[in-house]
Every structure is written in structure tokens, then in C-alpha cells.
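Asks:
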Ligand SMILES: Nc1nc2c(ncn2[C@@H]2O[C@H](COP(=O)(O)OP(=O)(O)OP(=O)(O)O)[C@@H](O)[C@H]2O)c(=O)[nH]1
Ligand SMILES: [Mg+2]
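Below, the structure is given as C-alpha cells:
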């Protein structure tokens, strides 16, 4: 058994409402990456999940002074450290 | 003339600032992506005659959506003497990136930190001198909406223009290609010049959002608010419309009829029963439409649209669309044309096309006039609001069905990431400017398209010479006769065929044509209409009018935006088929049930 294996990273899409975390990695293509960066998704940035949409609707995220909504599927690409 | 360009991320107040400087009335709204095209106006800045250019917002100089491309294309092909960068002061921590990118272009620039009022409320403190020193460009903290520091802004712009030296386009093009790391610089400047309180207090926006974005109350609340709105349209609108009709009637009996008493019969008929009563019937709706647009302006400025995108995205995703497509449907309530153009914020072409296919099904204000008119003639006042509301539900339903049927031909995997701006209230001035814009828009339409449509209908109902008005021998009658096999299964009489044909030009023409076809105006027309059709026929006619085809301006926009004749044709043919199917099912179904 290899106990050294690191636990799989937490994805933004897994956080619960009210939870805070720090962005550790962004695995998006360059085009989407640019948009994410412009909206405040940068490595090391602290964020908070405000709410999760009904029927697997989007997440409402607060990054500093900016509020953003993002689909769960797209939030999957963002890794966070709780 | 020197050229000054407004650059900034979406929703930072560029158009608000543009309006303040130029006195123009560019559209403003609390939604990222209101401006999707260039708008220029001349102003005097200090001693310079300047062309000020309002541009769509962009997140990044290297972005790829169609509205972002508009900006890039502009910068690549037009010499700019001064770039004015607008940044939302509250969000300077992230928006500074664009300012740094623009500065790298080597253009003379000024940084304007907008929304000083909100920054103050949030307790954000910005050391403007320090920031200017770090950036090496002038910086002013101001408010485009409320006008704080307006003088300082103008002086700074004029002063920078005095010393600005033109930059070769080639240099700009080359720097648009490159992109140096700016993250470090951003960090440094934020550290030195900006102070953000660690935890934002629970403000009004948060409290409202708890209700508006509630997991299962959110959508019902939306529909309930919509229902109340259409009740209000009748409640406020009906007396207004009556008043206008009375005014036009009085004008006719007391001034126009006597004045034209001596004129040849044909001419008198043409001027009075043709042009005058056609236009008057349409114009009677102007106050309602203005009210409706004032209301839309308030909704657009509150920031609710982004909330609607949040609430509906899960549903829209299943239709191959996203929350923004739903917002465009809502914008389409006003007029479909800007809604179709608004899809420029989408980057994936299939997603854009599918959205453009459903937007024309959105019940625009021109169709609302037709429905208000028919509903008030045929339905009792107690049911009028409900009848109108049900047509809006039909409008959503046809959009949903269309998307479901065609989503597999328009697959996209565009990510859905959208800002949620704080709630805002428009100033009275903003609302009035918007209302005036719509009146002007209506007047241009009225003087061109609507007159032309009404005149044509008059000609078709009165020629060949000597036939019974709108009778079977008139051209209108002949056309109606041809269309009979198509329209009679829908319960639509032959006489209305010409109204529908010209309604294709602009939907308001349908109302005007009714007046011409029946040679009646005001109350007399309403009463006559109630005798001509029962509620089932009326509703079937309205369903058909709702769906059957986008108006000419919308088709032109669809063609221009899709750059495809095939798509534009499809966007006309499909709704036509759908309209026939829906009206047929409704009419035959209702009759079979014994109504
Ligand atoms: N509180 C506050 N709101 C402002 C100010 N300036 C603009 N706004 C609001 O910000 C929102 C966006 O304004 P617009 O002028 O449409 O922004 P824009 O940059 O042209 O946006 P796009 O065309 O979408 O790129 C509107 O709701 C404005 O009323 C300001 O100084 N203070
Ligand atoms: Mg704008």
C-alpha cells in the first residue's frame, strides 16, 4: 500500500454553502482561464460559497468584493484548499 | 478631431459616463454586456474637439467573445489619442488587471475609478495619489452616476490630451499580441494604495438575495412578480389608452372631418380611414408602452437580470442553453432586436445561434400592443390580466420547445461564469432618458414602417376601384381567399389575412390594419371586433401573431448577427410552422371541448 499518495484535491464544486477556501489550482483552458482570472479567480485567492442553486444549478461564489455565479461543471476545474 | 476611447470591464459605468459627458442616451443597465457595439459622439474637452467612443466592456484584451472582438478590432484599426480606463472602485482588486494591460499598449491613458459612492459604503479606501504614482498615469476617483468629482475628471482628461502624443497603430497591434505578467504589479499596487475591510458586512444586497435567490421560492416569486406586472399594465394602461382614443376621436370629429369635408371621397377616405385611424389606433398605445419601458428600465438597472440567470440556468442547461439566454428572452420583452444583439456576450457560435433562434419568440412590446387591444375587446376586464399573462407563458413554452427540438444541432460546451452585481436603483434621470429613447424609437417606426404598412393595407382593401371595402373582390379579399385553406382551420377569418401579412413588417401594423380593414376607430372598432370573433378565435389569432414570424428589423438583425442567410431563413420558417401548429391545436382542441 502506498500511504504517501496525496488525497485527491477538493474541487470548488464540492464545497457547501457558507464554506470558505483558498484556490490552489485552476485547470481550465487558456481562454476560460483568462475569463476566470479577470473575474478574480487567481491562485491563492480566498473565496466563500454563498449558496448552491436548486436542481444542481450554479454556485454563488464571493471572491473579495466580487460575486460570481459559476456552473458546477465549470467549478470542477477549480481546486481549493479548505 | 482627437479620439478618446472608453475602455473597461463590463458593467463599470462606461455608458453612464459617456451619457454624462456627451448628453447622449446610450443604453445603461446593471448587466455585464449592455453595450455590444461602438457609439461615438463629439464633445468639447478643455480646448480640444474630441470624438468620445463608448465601447463594449471587455474582461481581457485577449478575450474572444464577439463583443470583445469589437473592442480589439477598434483598437487595431483606429488611432486613439487617449484611452480612458474605467474601473469599478469596489472591485479594483481584480479590475486593475485590465488597466495594466491597456497601459502596456503604450497609449496615453487615464484611470478613472468609478462608483466612488459604493466604494465609500463598502468602506474601501483608495490612496489615489499613491496609485497614480505607482502606475505612472493620472487616476481620479469619481462617480459617473451621481457626478462626484466630475470637474476633476474633465480637467484631468483635457490636461492629458494636451500633452498626449499619437502612437503608431503598428505599435498598438504589436502590444496586443504580447502579454507580460501583470499579477505581481497588481499585487504591489493593491498593497500600496488600496484598503479593503477584511469581511464585508451583511448588506442590503445580501438580505435581498436570501429571498430572491431562495432555492425553491425564487422562481415562483419571479412568476408572481410578472403576473402582478401584467395586471398593472391593464390597471394603469386601460384608462390611459381610453384617454388617448378619446383624444384622437375628438380631434377627428371636431377638426379633421370638417376640414376635409370638401375633399374628394377617395382622398378623404385615404387620409382619414387609412392613415389617420391606422396610426391613431397604434399611437393610442404609446403611453402604455412608455410606462412598460420605464418599468423595464428599472428592472434592468436593479441587477435582477443576473439573478434571473442564476435561477434559470439549471433549466436552461437542460435545453442546451444557459442562464444568459433566459435573460435575453426577458430583454426581448422590450424589443427583440437588442436582445438578439445581446447574445454577442456568448463565445460559442452554436450557443449564440440557438439563443437567437428562441429570442424572436419572446413577446415584445409591439406584440403586447396587439394583445392589449384584442384582449380588451374580447375578454372581460377581470380576466384580461390573466389572458395576457398566459400569452407570456406560451411565449416561454414555445421557446423551450424550440430549444428542446433543436439543441442537438447546436451543441456547445461554453462555460457559464457570470458576475452578480449589487442591487442598484436607477436615478430618475436615467429612467426618463430611457423612456424618451423608446418614444423616439416608436416615432421613427411610426413615421416610416407603420405608415407604409397601414397605407398598403388601405390600398389592398380599397382596390380595384369601386369594389366593396375589404370585400371578397378587393385585393385583400382575394389574398384572404387564397389563404383561406390555411387560416380557417385556425379560426382566423379571411379578412384578417392582410393584417397578418403586413404584421410581418412590424407587429404594430396588425393593430393599425384592423382599424383600416373595418374602417372603424376607437370604441366602435373594439365593439365591432367583439362581434366578429369569440374568445377562442381571438386567442387563436393572438397565439398565431405571437409566434408566426419575427418582424423585419429582427430578421435583419438575425441575418447580420449570424452572418448566415440559411439561418435567417430558418428563423423565419420554423416559427411560421410552429405558429400554425400551435394555433391549430388550440383552436380545434377548444372547439372539440365544446368552447
Ligand atoms: N452606484 C453607482 N452605480 C453606477 C455608477 N456609474 C454607473 N453605475 C451603474 O452601473 C451599472 C452599469 O452601468 P453602464 O453604464 O451600463 O456600464 P457599462 O460599463 O457601459 O456596461 P457594459 O455596456 O455592459 O459594458 C448601471 O446600473 C449604472 O447605473 C456610479 O458612479 N455609482
Ligand atoms: Mg455600456
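Residue numbers (our numbering), protein chains in the order written: chain A, 370 to 451; chain B, 93 to 687. The beta carbon of each residue, even a glycine, is placed where N, CA and C say it ideally should be.
Return the Cβ separation of residue 438 of chain B and residue 157 of chain B in integer angstroms, given the expectation that the two are a contact with Cβ distance under 8 Å.
Replies: 7 Å
Asks: What residues in the region 392–403 of chain A bring their beta carbon closer than 8 Å to a beta carbon of chain B?
Replies: Taking 8 Å as the Cβ-Cβ cut-off against chain B, the residues of the region 392–403 of chain A that qualify are 397, 400, 401, 403.
Asks: Using a Cβ cut-off of 8 Å (strictly closer), state whether residue 446 of chain B contacts chain A.
Replies: Among the CB atoms of chain A, none fall inside 8 Å of the CB of residue 446 of chain B.
Asks: Start and end of the alpha helix (DSSP H) containing residue 222 of chain B?
Replies: It spans 220–227 - the alpha helix (DSSP H) in which residue 222 of chain B sits, taken as one unbroken run.
Asks: Which residues in the same chain as residue 366 of chain B place their Cβ atom closer than 7 Å to its Cβ, once the five residues preceding and following it in sequence are excluded?
Replies: 546, 547, 550, 608
Asks: Please confirm if residue 372 of chain A has its CB atom under 8 Å from at least one CB of chain B.
Replies: Note that residue 372 of chain A has pLDDT 45, beneath the 50 cutoff, so the model's placement of it is unreliable and the number below is only indicative. At a cut-off of 8 Å between C-beta atoms, residue 372 of chain A does not count as an interface residue with respect to chain B.
Asks: Cα separation between residue 333 of chain B and residue 343 of chain B?
Replies: 15 Å
Asks: What residue range does the alpha helix (DSSP H) around residue 357 of chain B cover?
Replies: 357–360
Asks: Any C-beta of chain A within less than 8 Å: which residues of the region 241–272 of chain B qualify?
Replies: none
Asks: Touch check for the region 503–523 of chain B and the region 438–453 of chain B: three-plus C-beta pairs under 8 Å?
Replies: yes
Asks: Tell me where the beta strand (DSSP E) around residue 96 of chain B begins and ends.
Replies: 94–100
Asks: Check whether the Cβ of residue 518 of chain B sits closer than 7 Å to any heavy atom of ligand 1, and report yes or no.
Replies: yes
Asks: Let's see if you can read the secondary structure: which residues bound the alpha helix (DSSP H) around residue 180 of chain B?
Replies: Note, residue 180 of chain B: premise wrong, no alpha helix (DSSP H); beta strand (DSSP E) at 174–180.
Asks: Do the CB positions of residue 380 of chain A and residue 447 of chain A come within less than 8 Å of each other?
Replies: yes
Asks: Grab the span of the alpha helix (DSSP H) containing residue 442 of chain B for me, first residue to last.
Replies: Segment 441–450, the alpha helix (DSSP H) holding residue 442 of chain B.
Asks: Are three or more beta carbon pairs between the region 338–354 of chain B and the region 508–519 of chain B nearer than 8 Å?
Replies: no
Asks: Determine the DSSP secondary structure at residue 393 of chain A, reduced to helix, strand or coil.
Replies: strand
Asks: Using a Cβ-based criterion (distance less than 7 Å to any ligand heavy atom), does residue 252 of chain B qualify as near ligand 1?
Replies: no
Asks: Counting Cβ pairs, one atom from each stretch, are 3 or more of them under 8 Å apart for the region 619–638 of chain B and the region 461–478 of chain B?
Replies: Flag = yes, the region 619–638 of chain B and the region 461–478 of chain B touch.
Asks: Cα separation between residue 648 of chain B and residue 221 of chain B?
Replies: The C-alpha of residue 221 of chain B is placed about 50 Å away from the C-alpha of residue 648 of chain B.
Asks: With 16 as the cutoff for other CB atoms within 10 Å, does residue 129 of chain B come out buried or exposed?
Replies: exposed
Asks: When you compare the CB of residue 406 of chain A with every CB in chain D, is at least one pair closer than 8 Å?
Replies: Structure shown: chain D not included; protein chains present are A and B.
Asks: Are the beta-carbon atoms of residue 591 of chain B and residue 537 of chain B separated by less than 8 Å?
Replies: no
Asks: What residue range does the beta strand (DSSP E) around residue 449 of chain A cover?
Replies: Taken as a continuous stretch (DSSP letters only), the beta strand (DSSP E) holding residue 449 of chain A covers 447–450.
Asks: Is residue 237 of chain B near ligand 2, in the sense that its beta carbon is under 7 Å from a heavy atom of that ligand?
Replies: no
Asks: Using a Cβ-Cβ cut-off of 8 Å, state whether residue 183 of chain B counts as contacting chain A.
Replies: yes
Asks: Roughly how many angstroms lie between the CA atoms of residue 248 of chain B and residue 202 of chain B, to the nearest whole one?
Replies: 8 Å
Asks: Is residue 155 of chain B near residue 267 of chain B, with beta carbons less than 8 Å apart?
Replies: Taking 8 Å as the Cβ cut-off, residue 155 of chain B and residue 267 of chain B do not qualify as a contacting pair.
Asks: Give the range of the beta strand (DSSP E) segment to which residue 141 of chain B is assigned.
Replies: 140–146
Asks: CB of residue 394 of chain B to nearest heavy atom of ligand 2: below 7 Å?
Replies: Not so, every heavy atom of ligand 2 lies at least 7 Å from the Cβ.
Asks: Going by beta carbon distance, what residues of the same chain come within less than 7 Å of residue 676 of chain B, once the five residues before and after it are set aside?
Replies: So the list reads 581, 582, once near-sequence residues are dropped.
Asks: Contact criterion: CB-CB distance below 8 Å. Does residue 387 of chain A meet it with respect to chain B?
Replies: no
Asks: So, does the CB of residue 308 of chain B fall closer than 8 Å to a CB anywhere in chain A?
Replies: yes
Asks: Given a threshold of 16 other Cβ atoms within 10 Å of its Cβ, counted over all protein chains shown, does residue 385 of chain A qualify as buried or as exposed?
Replies: The residue is exposed, with fewer than 16 neighbouring Cβ atoms inside 10 Å.
Asks: Quick check on the burial criterion: 16 or more other C-beta atoms within 10 angstroms. Buried or exposed for residue 229 of chain B?
Replies: buried
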